[in-house]
Structure formats: C-alpha cells, structure tokens
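Trainee: For the sequence shown, my numbering assigns the number 16 to the initial residue and increments by one for each residue that follows. Below: one structure in structure tokens.
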Amino acid sequence: MDVIHEDPPLAHEPKHGQQPTAPAPTAGPDEAKPLLQSKKTSQLDPVALGVVYGIALTVAVQPASRMALLYLFKNDFRAGPAVFDAFYSVMSIPWTIKPLLGLLSDSVPLGGSRRKSYGILMAAIVAVTMVAFHQVKSPLQASCLVFASGFGMAFLTVLGQGVLVEQTTGESLQVSSKAWSVYYSVRYAGFGLALYYVSVALTVWRPRAVLTSLAVLPCLLFCWVLCFKERNDGMLQVVPAREQIGRLCTFFSFREVWGPILFIFVFVCTPTVTSPMFYFQTDTLGFTPWFIGMIDIATLVAGILGIWTYHTYFREVRFRSLYFAGTIVAFLLGTTPLILILRVNVRLGIPDEVFVLVDEFIMSVVAECLWMPLMVLSGRICPDGVEATTYAMFLSVNNLGMFVSSESSALLAWLLGITSHDLSNLWLMKVITLILGLSPLLILRLVPSDDHEALRARYKLQQQLDVERRISSNGDAAPPPPSLTSQTTARNGGLDERRRSSMESQALSSEPSFDRSAGM
C-alpha cells in the first residue's frame with residue numbers, strides 16, 4: 016500500500032518591502048495544505064464531549080432492540096426473514112432524511128437552542144415508543160413504533176455528530192481521526208453492553224418486556240440533557256436555511272465530495288444474508304438467545320479493535336489503496352460462511368459456535384477498517400456553519416444504502432424461496448451477495464486518492480464563501496468560482512495560488528469561526 020507523505024512547506028508571505036520568492040515546484044495538491052496546518056495543541060470541551068458520548072450510548076437501543084424484535088417477529092408473529100426485513104426496513108427511513116434533520120437543527124433553533132431542546136424532545140420520543148412496545152399486537156404496529164424510535168435516534172445522532180464535527184473541523188488528520196475513533200468506540204461499547212443485557216433478558220422475559228425495559232437509556236439521557244447548558248457564541252451562530260442550502264449545493268457539486276458519497280452508497284446497498292442467517296443459526300444450528308447475543312458482542316469488540324487498527328496502522332494509507340485491498344480481503348473472508356451453511360466445518364471437526372465467533376470477529380475488524388476512513392473523510396471536508404447538515408448528508412446516503420440493502424435482501428430471499436422453514440437456497444443467496452460485494456471496485460477512482468485531495472474541496476468552498484461574504488459586504492463583482500479540475504497552476508508551483516494558500520492559512524489561524532479549538 017502507498018503511504019501519504021507530507022508535501023514541501025508552502026511559501027510564506029513576504030515581509031513588507033520584500034519581493035515574494037517562488038517555491039520549488041511540487042506535484043502535490045497544495046490547496047489543501049493550509050487546512051493541514053492546524054493548531055499544534057487542541058483543547059477538549061468536556062461539555063460538548065459529554066453530549067456526544069451520552070447520545071452515542073443512548074443510540075445503543077437500536078441494535079439491542081433489533082435482536083429483541085427478531086424474536087418478537089419469529090416467535091410471536093410467526094413471520095419469516097423476508098417479512099421481518101420488509102417491516103424493519105422502515106427504521107432506515109428516518110436515518111435517510113438526516114440532512115433534513117440536520118438542516119432543521121442548524122437553522123431553526125427550538126427554545127433558543129440548536130441542540131439542547133431537540134435533544135430533550137427526541138429522548139422523550141424514544142423513551143415513549145420503547146414503552147409502547149409492551150402493547151404491540153401486530154407486525155404493522157411494531158413497524159410504526161420502529162419508525163418512531165428510529166426517528167428519535169436518528170435526530171439524536173444528528174445532534175451528537177454535529178457537535179463532534181464542530182470540534183474537529185479544521186483540525187489535523189491525527190486529531191480528527193482520534194476524535195471519531197473515540198466516538199465510535201464509545202458507541203460500540205454501548206452497543207455491546209445493551210446487547211449483552213438483551214441476550215440475558217430474553218432468556219427470562221418475553222421480547223415485549225425486554226423492549227420496554229430499554230426505555231431506561233433515553234430516560235437517563237432526557238434527565239442529563241435537562242442539566243446541560245448549550246454554548247451560545249459565534250462558533251454556534253445560526254446560519255439561515257437559504258444560505259445553508261446554497262453552501263450545500265456548492266459543496267456537493269465538487270467531485271471530491273459526490274464521488275465518496277456515491278462510493279458509500281454502492282458500498283452498503285448490496286443485499287446481505289443477515290436475517291436468513293439468524294433463522295439458520297436459531298433453527299438449524301440451535302443457537303440460544305444468549306449465544307446470539309455473544310455473537311453480536313464479539314462483532315462489536317472486533318469493531319473497536321478495527322477502529323484501533325485503522326487509527327494505529329492505516330490512518331496514513333492512501334484511501335484508494337486501502338479500499339482496494341480491503342474489498343478483496345472482505346470478499347475472500349466472506350466465503351467462509353459457506354463452510355458453515357454447507358456444514359463443511361462439522362466434517363473438519365470445528366464446532367459451529369467456535370467457527371461463527373471467529374468468522375464474525377475477523378469480518379468485523381476488516382469492515383471497520385474500511386468504514387472508518389469514510390467517516391473521517393466526511394468529517395474533515397464539512398464546511399463551517401452547516402456541520403450537522405453536511406455530515407448528516409454523508410451518513411444519510413449510507414442509511415439510504417442500508418434501506419436499499421434491506422429491501423433487496425428481502426426481495427432476493429423471496430425470489431430464492433427462502434422462508435423460516437426452507438433455507439435450502441441460503442448458500443446460493445450467499446454466493447450472489449459475495450459477487451455483488453465487489454461492485455464498489457468499479458467506482459473506486461471516485462474516492463480521493465489521499466487526505467490532501469480530500470481537503471481540497473473544503474478549502475475551495477471556504478475560499479469561495481469568503482469571497483461571497485466580502486462581495487455581500489462591499490457590493491463588488493464576483494469572480495468566477497474556483498475549479499477543482501484545474502490543478503495545473505498548483506502542480507507547477509504557481510505563485511498566485513500559493514500566496515492565496517498562505518493568506519488562507521493565516522486567516523485560519525486568526526478567524527475563530529474557521530479554527531476549532533476543542534478537538535481530541
């Protein structure tokens with residue numbers, strides 16, 4: 016794999032009375048360099064981090080509730096995997112419209128705050144819907160409650176991630192990578208604790224009672240947010256919705272932005288065998304709820320290990336190289352469930368439980384190493400003032416892909432005749448999903464090659480927004496917007512571009528709205 020190397024330093028602005036000195040030519044995209052010249056030290060904002068981590072723990076309700084819902088549909092409603100996928104897919108709808116939720120939070124304060132009031136309201140919605148599961152009577156009612164709880168958790172995630180993006184925007188790659196790694200580690204830790212609780216509780220209580228008991232987490236968040244004092248300074252200045260939409264249109268017109276978005280969608284939209292495998296594990300292999308929970312916990316532990324592995328060893332590996340190698344490795348490892356489905360492991364003397372745990376653990380490590388770069392990349396190129404909206408846009412594409420994946424999985428299972436009583440074609444479904452899993456390689460060139468190229472989009476947008484603000488203040492004529500495809504001047508060491516880069520670097524050091532001081 017290729018590793019990113021630092022470019023030669025940019026030319027400094029000449030002192031008064033001196034002639035500027037042209038720097039040596041370089042082949043690197045120097046437009047992104049000012050954004051790499053962030054502060055040497057970063058201060059943590061414990062209040063902001065408390066909000067982020069509290070929300071990350073509360074959202075653990077989602078995977079934990081999914082496990083209980085699987086047993087509710089299977090045992091109480093007598094529904095097959097295709098029916099469950101069809102009804103549970105409504106959970107993805109609120110996560111798909113996260114940009115609208117981010118736009119609402121960024122531009123329409125509720126009760127004088129952009130985060131606190133919405134956080135209180137959404138925590139209450141999640142708590143009420145989880146309690147209502149105790150009286151659910153049909154798959155349709157359960158689906159409505161799934162949608163309501165998903166809406167509350169999606170909004171809470173927008174709020175938490177918006178705060179975290181505010182803290183990491185303009186920071187170095189190391190600081191940003193660490194911030195997002197810690198965030199997802201806390202989130203996975205919450206998932207693991209919640210899943211362990213559900214796996215044990217399902218051996219004692221019915222699924223309805225387990226779902227109701229999960230209301231404790233949003234209730235605790237509700238009480239905690241009541242005591243939270245939201246910051247209200249220039250860094251959290253409200254941006255009008257019309258201006259936000261204009262920024263977003265400009266931002267997402269750059270190939271360095273829409274390219275990764277398309278890659279994210281293709282990366283997650285392919286069908287999977289997750290739900291049919293649950294029926295295979297419980298009915299054919301005889302796994303208990305406790306062991307099913309242990310599988311999920313093992314994948315979460317592996318996810319945390321994957322985050323640490325990426326942050327420690329692969330943080331500076333070029334994006335394209337990482338994704339090419341990772342996709343090939345994921346394809347090879349993805350063939351191992353066929354050994355379990357065809358019962359080859361039994362002939363080899365490998366117990367089902369050991370094989371499943373090891374297989375899921377390794378796959379989760381690889382998947383997280385592929386997922387984290389997309390999250391770091393998304394957070395680093397978000398423009399100022401609309402952090403929640405732009406980051407939500409990236410994740411909403413992921414959630415839209417998950418919705419498509421769930422629906423396509425249900426359709427594929429139906430076409431292959433896979434039901435709760437007939438899993439004979441499960442192996443064929445797994446082969447089809449493996450082949451489709453290679454499709455992201457077809458558009459790999461749309462992903463930025465390295466961190467410098469990724470940051471170029473944010474730099475260009477910020478430069479254009481500065482010009483527009485000066486125009487609106489002075490009434491001057493607007494110069495044409497910079498083109499991301501015109502890189503000849505920068506690559507040949509053009510003096511004008513480098514001087515603008517140096518001036519932008521100085522502006523980033525002195526303008527608080529551009530320079531975040533509370534990263535990790």
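Every residue, glycine too, gets a C-beta built ideally from N, C-alpha and C.
Going by beta-carbon coordinates alone, are Phe102 and Ser164 separated by less than 9 Å?
Mentor: Residue numbering aside, residue 102 sits at position 87 when the sequence shown is read from its first letter. Residue numbering aside, residue 164 sits at position 149 when the sequence shown is read from its first letter. Contact flag unset, no.
Trainee: Residues in its own chain within less than 6 Å of Gly261 by CB, not counting five upstream and five downstream?
Mentor: Taking the first residue of the sequence shown as 1, we reach residue 261 at position 246. Closer than 6 Å at the Cβ level, and outside the excluded window around Gly261, lies no residue.
Trainee: Straight-line CA distance for Pro366 to Asn360?
Mentor: Numbered from 1 along the sequence shown, position 351 holds the residue referred to as residue 366. Numbered from 1 along the sequence shown, position 345 holds the residue referred to as residue 360. Roughly 7 Å between the two C-alpha positions.
Trainee: Taking DSSP's pairing of strands, which residues face Ser128 in a bridge?
Mentor: Here residue 128 refers to the residue found at position 113 when the sequence shown is read from its first residue. DSSP output for Ser128 lists Leu125 as bridge partner(s).
Trainee: CA-CA distance, Ser420 and Val123?
Mentor: Counting from one through the sequence shown, the residue named residue 420 turns up at place 405. Counting from one through the sequence shown, the residue named residue 123 turns up at place 108. Using only the alpha carbons, I get a separation of about 33 Å.
Trainee: Determine the extent of the alpha helix (DSSP H) in which Val67 is found, giving its start and end residues.
Mentor: One-based indexing of the sequence shown puts residue 67 at position 52. Val67 -> alpha helix (DSSP H) spans 61 to 73.
Trainee: Skipping 5 residues on each side, what residues in its chain have a beta carbon closer than 8 Å to that of Thr303?
Mentor: Walking along the sequence shown from the start, residue 303 turns up at place 288. Taken in chain order, the residues that qualify are Thr218.
Trainee: To which residues does DSSP link Val371 through a beta bridge?
Mentor: Translated into positions along the sequence shown, residue 371 becomes position 356. For Val371, which the question treats as bridged, DSSP gives no partner whatsoever.
Trainee: Counting beta carbon pairs with one atom in the region 340 to 354 and one in the region 376 to 390, are three or more of them shorter than 8 Å?
Mentor: Touching, per the Cβ criterion.
Trainee: Looking at the secondary structure, which residues open and close the alpha helix (DSSP H) in which Phe295 lies?
Mentor: As a working mapping, residue 295 is identified with position 280 in the sequence shown. From DSSP, Phe295 is part of no alpha helix (DSSP H); its letter is neither H nor E.
Trainee: Could you round the C-beta distance between Val213 and Val225 to whole angstroms and report it? I think they count as a contact, below 8 Å.
Mentor: Here the question's residue 213 lines up with position 198 in the sequence shown. Here the question's residue 225 lines up with position 210 in the sequence shown. That pair is a contact at about 6 Å.
Trainee: Do the CB positions of Phe166 and Met145 come within less than 9 Å of each other?
Mentor: As a first step, residue 166 is located in the sequence shown; it is residue number 151 there, counting from the start. As a first step, residue 145 is located in the sequence shown; it is residue number 130 there, counting from the start. Result no, Cβ atoms of Phe166 and Met145 do not sit closer than 9 Å.
Trainee: Tell me whether His326 is buried or exposed, calling it buried when 16 or more other Cβ atoms sit within 10 Å of its Cβ.
Mentor: For the purposes of this step, residue 326 is taken as residue 311 along the sequence shown, with counting starting at 1. Looking at its Cβ environment, which holds 16 or more other Cβ atoms inside 10 Å, His326 is buried.
Trainee: What's the C-alpha gap between Leu208 and Ile312?
Mentor: Translated into the one-based positions of the sequence shown, residue 208 becomes position 193. Translated into the one-based positions of the sequence shown, residue 312 becomes position 297. Looking at the two C-alpha atoms, the distance is approximately 8 Å.
Trainee: What number of angstroms, rounded off, separates the C-alpha of Met444 from the C-alpha of Cys284?
Mentor: One-based indexing of the sequence shown puts residue 444 at position 429. One-based indexing of the sequence shown puts residue 284 at position 269. Approximately 15 Å between the Cα atoms of the pair.
Trainee: Who are the near neighbours of Thr287 in its chain, counting only those whose CB is closer than 7 Å to its CB and skipping five residues on each side?
Mentor: Start at 1 with the first residue of the sequence shown, and residue 287 comes out as number 272. Same-chain partners within the cutoff: Ser420, Ser424, Thr448.
Trainee: Whole angstroms are fine: how far does the CA of Leu426 sit from the CA of Thr434?
Mentor: Position 419 of the sequence shown, counted from the first residue, corresponds to residue 434. Position 411 of the sequence shown, counted from the first residue, corresponds to residue 426. Cα-Cα distance, rounded: 12 Å.
Trainee: Determine the DSSP secondary structure at Val359, reduced to helix, strand or coil.
Mentor: Counted from its first residue, the sequence shown places residue 359 at position 344. Of the three classes helix, strand and coil, the one that applies to Val359 here is helix, per DSSP.
Trainee: Quick check on Ser192: buried or exposed, where buried means 16 or more other Cβ atoms within 10 Å of its Cβ?
Mentor: Taking the sequence shown and counting its residues from 1, the one referred to as residue 192 is at position 177. Buried.
Trainee: What residue range is occupied by the uninterrupted alpha helix (DSSP H) comprising Pro304?
Mentor: Position 289 of the sequence shown holds residue 304. 304 to 324 is the span of the alpha helix (DSSP H), which, as asked, contains Pro304.
Trainee: So Ser158 is in the alpha helix (DSSP H); what residue range does that whole segment cover?
Mentor: For the purposes of this step, residue 158 is identified with residue 143 of the sequence shown, where counting begins at 1. Per DSSP, Ser158 belongs to the alpha helix (DSSP H) from 154 to 183.
Trainee: Rounded to a whole number of angstroms, what is the C-alpha to C-alpha distance between Val537 and Ala75?
Mentor: Outside the modelled stretch of the chain, which goes from 16 to 535, sits residue 537, for which no answer is possible.
Trainee: The alpha helix (DSSP H) that contains Val219, what's its start and end?
Mentor: Taking the first residue of the sequence shown as position 1, residue 219 is located at position 204. Note, Val219: premise wrong, no alpha helix (DSSP H); not H, not E.
Trainee: Please state whether the Cβ-Cβ distance between Leu337 and Cys264 is less than 9 Å.
Mentor: Locating residue 337 in the sequence shown gives position 322, where the first residue counts as 1. Locating residue 264 in the sequence shown gives position 249, where the first residue counts as 1. Their beta carbons are not under 9 Å apart, which means Leu337 does not touch Cys264 by this criterion.
Trainee: Classify Ile140 as buried or exposed, calling it buried when 16 or more other Cβ atoms lie within 10 Å of its own Cβ.
Mentor: Position 125 of the sequence shown holds residue 140. Classification of Ile140: buried, given that the 10 Å Cβ count is 16 or more.
Trainee: Would you call the region 408 to 416 and the region 113 to 131 in contact, with 3 or more CB pairs under 8 Å?
Mentor: As far as the Cβ criterion goes, the region 408 to 416 touches the region 113 to 131, which means the pair count is three or higher.
Trainee: Measuring alpha carbon to alpha carbon, tell me which residue in Leu372, Arg358, Leu389, Tyr68 is nearest Tyr198.
Mentor: Mapped onto the sequence shown, residue 198 falls at position 183. For Tyr198, the nearest C-alpha among the options comes from Tyr68.
Trainee: Taking DSSP as the reference, what is the three-state secondary structure of Val288?
Mentor: Residue 288 sits at position 273 when you count from the first residue of the sequence shown. It is coil, neither helix nor strand.
Trainee: Please say whether Arg130 and Val547 have beta carbons closer to each other than 9 Å?
Mentor: Residue coverage of the chain in this structure runs from 16 to 535, which leaves residue 547 outside it and unanswerable.
Trainee: Taking all protein chains shown into account, decide if Leu363 is buried (16 or more other Cβ within 10 angstroms of its Cβ) or exposed.
Mentor: Position 348 of the sequence shown, counted from the first residue, corresponds to residue 363. Counting Cβ neighbours within 10 Å, Leu363 comes out exposed, since fewer than 16 surround it.
Trainee: How about Ile356 and Leu431: do their beta carbons lie closer than 9 Å?
Mentor: As a first step, residue 356 is located in the sequence shown; it is residue number 341 there, counting from the start. As a first step, residue 431 is located in the sequence shown; it is residue number 416 there, counting from the start. No, these two residues do not count as a Cβ contact at 9 Å.
Trainee: Expressed to the nearest angstrom, what Euclidean distance is found between the alpha-carbon atoms of Ser268 and Leu372?
Mentor: Taking the first residue of the sequence shown as 1, we reach residue 268 at position 253. Taking the first residue of the sequence shown as 1, we reach residue 372 at position 357. The alpha-carbon atoms of Ser268 and Leu372 are separated by roughly 43 Å.
Trainee: Suppose you measure from the CA of Gly127 to the CA of Tyr133; what does that come to, to the nearest Å?
Mentor: For this step, residue 127 is matched to residue 112 along the sequence shown. For this step, residue 133 is matched to residue 118 along the sequence shown. In a straight line, the C-alpha of Gly127 is about 11 Å away from that of Tyr133.
Trainee: Nearest to Leu64 by CA position, among Met168, Leu160, Val180, Phe148, is which residue?
Mentor: In the sequence shown, counting from the first residue as 1, residue 64 sits at position 49. The residue with the shortest Cα to Cα distance from Leu64 is Val180.
Trainee: Would Gly301 be called buried (16 or more neighbouring beta carbons within 10 Å of its own) or exposed?
Mentor: As a working mapping, residue 301 is identified with position 286 in the sequence shown. The residue in question, Gly301, is exposed, as its Cβ has fewer than 16 Cβ neighbours within 10 Å.
Trainee: Quick one: grab the DSSP three-state call for Val462.
Mentor: Here the question's residue 462 lines up with position 447 in the sequence shown. In this structure, Val462 counts as coil in the three-state DSSP scheme.
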